[in-house]
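Here's the structure we're looking at; comments come further down.
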Amino acid sequence: MKSFSVSGGRSVSLALFSDVSNSRELLELMQSGKLEPEVAFLNASLVPDVFPVLAAAHKALLSQGRESLTTRTLHSELVYNYSGSKHITESLKRCGIYDDTTYILAARFDASDEEIKAVEKLICGTKIDLAELETRANQPQILKVIS
Numbered sequence: 107m108k109s110f111s112v113s114g115g116r117s118v119s120l121a122l123f124s125d126v127s128n129s130r131e132l133l134e135l136m137q138s139g140k141l142e143p144e145v146a147f148l149n150a151s152l153v154p155d156v157f158p159v160l161a162a163a164h165k166a167l168l169s170q171g172r173e174s175l176t177t178r179t180l181h182s183e184l185v186y187n188y189s190g191s192k193h194i195t196e197s198l199k200r201c202g203i204y205d206d207t208t209y210i211l212a213a214r215f216d217a218s219d220e221e222i223k224a225v226e227k228l229i230c231g232t233k234i235d236l237a238e239l240e241t242r243a244n245q246p247q248i249l250k251v252i253s
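Sequence positions in the sequence shown follow the numbering used here and run 107 to 253.
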């Protein structure tokens, strides 16, 4: 995972995975609140670069600081903010992962070395460089989602 400074000494760590085979399990753990450590999972085909994810992370941290999260957790707030929709369920469906998602961007706020290892262990897939986002982005799908 690569860490980025976001706001007020806080950070978000990102890792990109392809050929993921356990997205159904990850989705079930996330929905049941049993995902340890807590992580945000984004459908990476909708992410053309890390910048919009960092902007969504910044907004999530601001909301947390104001005690005004729209969603239940900081990590789901990141996905919600990334989507741009005002509907929580729609946001999580639109930009989150599905049962069959094979290309995932994982995000963890203020991750320790142990948490980074735990996140990487959770995902059964191939970790690839974040630079791949640009070449693998599904532009028609991105335009459809933001329209």
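We put the beta carbon where it would ideally sit given N, CA and C, even for glycine.
The DSSP-derived three-state label of LYS233 is strand. Going by DSSP, LEU120 is part of the beta strand (DSSP E) stretching over 116-124. In this structure, PHE147 sits near ILE210, with a CB-CB distance shorter than 7 Å. Setting aside the 5 residues that flank it on each side, GLU196 is surrounded in the same chain by SER189, each with a C-beta closer than 8 Å to its C-beta; the list follows chain order. GLU131 has its alpha-carbon roughly 17 Å from the corresponding atom of ALA213. A check of alpha carbon separations from SER113 across ILE222, SER127, GLU221, ALA166 identifies ALA166 as the nearest. Spanning the alpha carbons of LEU175 and SER117 requires a straight line of approximately 18 Å. The beta carbon of LEU141 is closer than 7 Å to those of LEU135 in its chain, skipping five residues each way along the sequence.
In the DSSP assignment, ILE210 is bridged to PHE123, ASN149. DSSP lists LEU120 as the beta-bridge partner residues of LYS108. Residue pairing by DSSP places PHE215 opposite VAL118 in a beta bridge. Counting only the Cα atoms, ARG242 lies some 27 Å from GLU221.
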